[in-house]
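Structure, as structure tokens:
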Amino acid sequence: METSKAVIQANNIDIAKTEVKKSKMKLSIIITHIIIIAVGIIMLYPLLWMVSSSFKDNVDIFKGTSFFPKEIILDNYIKGWNGISGYTFATFFKNSFFICIVAIIGNVISCSMAAYAFSRLDFAFKKVLFAIMLITLMLPFHVTVIPQYIMFNKLEWINTFLPLTLPKFLATEGFFIFLMVQFMRTIPLELEEAAKMDGCGPIRIYWKLILPLSLPALITTMIFTFIWTWNDFFSQLLYLSDIKLHTVAVGLRMFVDSMGESSWGSLFAMSTVSLIPLFAVFIFFQKYLIEGITAGGVKG
Amino acid sequence: MKKLRALLFSLISVFLLVGVVGCSSGDSSKEASGDGKDEKVEIRFTWWGDTKRHELYNSIVDRFEEKYPNIKVKREFGGWPEYWEKLTTQIAGGNAPDVVSMHQFYVADYARRNALLELSDYVKENTINQGDFPESVVNSGKVDDKLYMIAQGVTMSGLVYNKKLFDDLGVEYPKQGWTYDDFTAKVKELKAKGIWGVQDFSGGQLQPNFRYFARSNGEDLFTEDGKLGFEKETLVKWWTMWDELRKAEAIPDAATGTEYESAPLEQNLFVTGKTAIHQIPANQLYLYQQQFKDGELEMVSMPTLDGGKQGEYIEGAYLSITEKSKHPKEAAQFINFFVNEEKALELFKVEQGSPGSTKMADFVKPLLEPAQTKAVEFIQSAVNNASTAPYSPAGVTELEAAFKDSASAISFGKMSVKEAADQFMKQAEGILK
Amino acid sequence: MQTFKKAWRRNAVAYMFLSPWLIGLLCLSLIPMLSSLYLSFTNYDMFSPPEWAGMENYTQMFEDSKYLASVKVTTTYVLLSVPLQLMFALGVALMLNRGLRGLKFYRAVYYVPSLFGGSVAVALLWRQLFGGEGLINRGLALFGIEGTNWISSPDTALYTLVILAVWQFGAPMVIFLAGLKQVPMELYEAARIDGASKFKQFFKITLPMISPIVLFNLIMQIIHAFQAFTPAYIVSGGEGGPLDSTLFYTLYLYQKAFTHFDMGYAAAMAWILLIAIAIITAIIFGTSKKWVFYQE
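Residue numbers (this note's numbering), protein chains in the order written: chain W, -12 to 287; chain Y, 35 to 467; chain E, 38 to 333.
This is how it looks when you write it as structure tokens:
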């Protein structure tokens, strides 16, 4: 609670400042709001356009001149949701959720463990291994896809969720390791020293001290794992052939055929629906992201 | 800390919940499929397309499984660009599907690298019946005289225009059997009426546009042994023709042309009413017609050179069997069902072109919408003029890219026609060595 | 003896924490990486077995004008998009970190573009904004300016993709925000009591405190920008036109592999890219000792 006390104190000091300064502050806050809103509209334009298009019929989407639909059509949503050959988007959503949640759990556990070792422990070949970890991020996906496919095929993992989930438990995403390393290195050393004095070993320090204090990084990892896994279309298409296993990202691409006609209406409708969980997850987790620091600051 | 634990806990419980649901549904399906006592064979079939086609092909496969209860067909599908990347990866990874949709753009690359099975044995023993296929259609599935593909649907290139637009502008319709001179005159006439005549096709598609031009000149893109099949002069003539149209502003400027080149059908220059004539494969006529709520679309053949030959050659969508298929016989049965059985064709209709078998083409005719009927009639009359076209050598995709680059260098004013032609001929030599 | 035992124990604990990653590295990441390295010395069309070609793929690159074009495109893209995107992301993160009312809402709004990823909808939208008859040109027309066709002129196409990268700045922004949240409030209080200006606070407290995060974002965005692939689908349908002006390195690599069936060449390209990124990363790490502050 020390921090919030400090904030209150600071506010009191602010209140004590002169009136002139106060009105100046107000003006700057209003200006900030105006800038934020103006830029926000630019940011949101595509979303609004997509949502509006999802209520138009296929011809009206591109030929209509008005931004708003002439009449609101729900057809796109009904047709879109029905998916393909008896498999609706309910199946696709279920599969996407499953893969995303497993991936989140895997990434949080395995990447935080590796990051703890890299940032807080001392061991042989540390620098070399860290460099190797970064190097694994530098090779474009297209040249590793075939050897990887051959490997997963030999393991008989094709057409299961394993290629998309199991590697996450083995910390194959160096991005998150590196992210957590950078965060863990900002945690004051004194805290760790204090814990060591209390007789805590590395495992307890990891679990009781480092993890809670890295909450913003863990939350960030969760958000990104969710969003990126959700949108990761090509590996899902490659490894999941059976329609029963299809995901939302794969389902969405089915509406588009660059060689012929595409169901744009359904695409926009289902894209809109598929943004809802992404948006919800973002809102939900960012709450923790903000509260993270207070939670971490309570006990050193 | 409590919050973190609560968060992790809730995540894990959701995970278990989804897991249980997922697993239980997985188990039940396994039971349903693994029970058969007969020797069950499983083959895999893959195609590209959109949701409508996926729906359609799934139903056709269902009907096949009804007829052959001992064969189970696993289906895999996706959109055009990723279809090829996935297929390549699967073949390279030793896990190729048995029956694959094939296209002329790629067949040479696959067949010449031994990824596809030679099918003539299955035709000889009549597992695949090509009795009702015109010879030109059968031949269009051959590479180096070996049969690798069976035509699902054949199509022909042509030019499409909106009759109503021409009526409104007071311009006469293009005439069947017109020449490239007629064509450029028509484009300029349309320009005088305030509309671009046609999209800039100087480089976008080596095939079919330039190919028709070369063929009309008695040449072709390639020779039988995989060398470049046309002279530099032909290319200079082609690009000069477009350059003149561009300078007369009868076709869109380079930037506008490029912008719309990769646009989806619904947004291209023709559909949005910016150009009056457009080149399409005839099987797409009804897709275009759907975009024009008023006005009937009509097709006209590709132009020929004055006194030149007809350029027609067969295009289409095909089925192939992969080299490593463990059940080629069943795969062949499947292809035969797809191209010869009424039960399949009454669903297929003209999804990827007019059926290869003339018997089946006649069978589906009464089932068609007017725009589809028109397309089939166009295809059937054009097929009569069609002559064989040598298959592209490996490396054709690279050649197409080079062709497009040189053409854009002209349109963006970076090179003269002659310079661009010189550059292309030099590159082509390197690519097709 | 005692110290040896201690060292052994220390290493054992560390390697225990590293074990999932090590297993993943040995079993999943290393095999595909090393096979691609091997393939880069072969001619491999993916259907027939690879044939040894020595350095051929590597020497061929320097005579390949398209390859050189792709290097130029990618370098320009990295040099422009990375600093712009990071500055924008940091600016917005600072603004959103001010404890304004409605903050959560704003933050979510700003993240929306990044949720789209490389979806087809973005391609359509970009044409609507930057096309010949797009929103931008209609806006310019109000002021009597005739704009060019931004997305399909060879001179401007790449810059629209730089703008796209800046527009999708959500990921670094969230990471900056998380970093800003980690800065202890007490430091600001102390500075405020000392009468330090906002400007000074930013350079003396905020920036040093989040410098590890800046380093992270910088390196990751450089890697990301070098590997940029999907943006090119937005203007050219994946062809890299007009006139190779958006032919990104990985796009050309992809074309070589999957449309020209030359996986050996693609693998060689990939390893050259890896070496280039690795050198740049090493240089940044080298300088980081001067400007990144850790709690050590």
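Yeah, the Cβ is synthetic: ideal placement off N, Cα and C, and Gly gets one too. Remember, predicted model here, so these are calculated numbers, not experimental data.
For residue i, the three-state DSSP class (helix, strand or coil)
i      : result
Y/I229 : coil
Y/E110 : strand
Y/G252 : coil
E/Y95  : helix
Y/K176 : strand
Y/W212 : coil
Y/A185 : strand
Y/H312 : strand
E/G139 : coil
Y/E65  : A caution first: Y/E65 carries a pLDDT of 37, below 50, which makes its placement in the model unreliable, though a value can still be read off. Y/E65 falls in the helix class under three-state DSSP.
Y/T2   : The shown model of chain Y, from 35 to 467, leaves out residue 2 of chain Y, and the question about it has no answer.
E/V50  : helix
Y/G291 : helix
E/G301 : helix
E/W45  : helix
W/Y74  : strand
For residue i, the residue or residues it bridges with in DSSP
i      : result
Y/R147 : Answer is none; Y/R147 lacks a bridge partner.
Y/M333 : Y/V194
Y/S135 : Y/L353
Y/R78  : Y/K108
Y/W273 : According to DSSP, Y/W273 bridges with nothing at all.
Y/E385 : Y/G387
E/T79  : E/W89
Nearest-angstrom beta carbon gap, residue j and residue i [assumed within contact, 8 Å]
i      : j      : result
Y/V373 : Y/G390 : 6 Å
Y/Q323 : Y/N419 : Contact doesn't hold; Cβ gap of about 24 Å is too wide.
E/L288 : E/G275 : 7 Å
Y/V134 : Y/L153 : Between Y/L153 and Y/V134 the Cβ distance is about 13 Å, and since that is not below 8 Å, they are no contact.
Y/L466 : Y/G260 : 6 Å
Residue-chain proximity (residue i, chain W), Cβ-Cβ < 8 Å
i      : result
Y/H312 : no
E/P48  : Checking the displayed sequence, the identity of residue 48 of chain E turns out to be Asn instead of Pro. Taking Cβ atoms only, chain W reaches closer than 8 Å to E/N48, which makes this a yes.
Y/D328 : no
E/G61  : yes
Y/H88  : yes
Y/A126 : yes
Proximity test, Cβ basis, 8 Å: residue i and chain A
i      : result
W/V115 : Going by chain labels, chain A is absent from the structure shown, which instead holds the protein chains W, Y and E.
Residue-chain proximity (residue i, chain Y), Cβ-Cβ < 8 Å
i      : result
E/D35  : This structure does not reach residue 35 of chain E, given that chain E is present from 38 up to 333, and the question cannot be answered.
E/I188 : yes
W/S250 : yes
W/L239 : no
W/I71  : yes
W/S39  : no
W/V130 : no
Cβ of residue i within 8 Å of any chain E Cβ
i      : result
Y/S296 : yes
W/I23  : yes
W/A182 : no
W/S97  : yes
W/H233 : no
W/Q169 : yes
Y/S442 : yes
Y/E119 : yes
W/W36  : yes
W/L31  : yes
**Asked** Is the number of C-beta pairs between the segment 140 to 149 of chain E and the segment 164 to 171 of chain E that are closer than 8 Å three or more?
**Response** no
**Asked** Can we say the segment 451 to 459 of chain Y touches the segment 77 to 85 of chain W, given the rule of at least three CB pairs closer than 8 Å?
**Response** With a cut-off of 8 Å, the segment 77 to 85 of chain W and the segment 451 to 459 of chain Y do not count as touching, because too few Cβ pairs lie within range.
**Message:** Three or more C-beta pairs under 8 Å: does that hold for the segment 145 to 165 of chain Y against the segment 312 to 320 of chain Y?
**Reply:** no
**Request:** Please confirm if the segment 326 to 339 of chain Y is in contact with the segment 169 to 177 of chain Y, defined as three or more CB-CB distances below 8 Å between the two stretches.
**Result:** With a cut-off of 8 Å on Cβ pairs, the segment 326 to 339 of chain Y is not in contact with the segment 169 to 177 of chain Y, counting fewer than three such pairs.
**Request:** Decide if the segment 61 to 69 of chain E is in contact with the segment 246 to 256 of chain E; the criterion is three or more beta carbon pairs, one per stretch, under 8 Å apart.
**Result:** no
**Asked** For the 8 Å Cβ check, are there 3 or more pairs between the segment 261 to 271 of chain E and the segment 92 to 102 of chain Y?
**Response** no
**Message:** Between the segment 197 to 204 of chain E and the segment 107 to 125 of chain E, can you find at least three pairs of beta-carbon atoms closer than 8 Å?
**Reply:** The answer is yes - the segment 197 to 204 of chain E touches the segment 107 to 125 of chain E, with three or more Cβ pairs under 8 Å.
**Message:** For the segment 223 to 239 of chain Y against the segment 278 to 292 of chain Y, do three or more pairs of beta-carbon atoms, one drawn from each stretch, fall closer than 8 Å, so that the two count as touching?
**Reply:** yes
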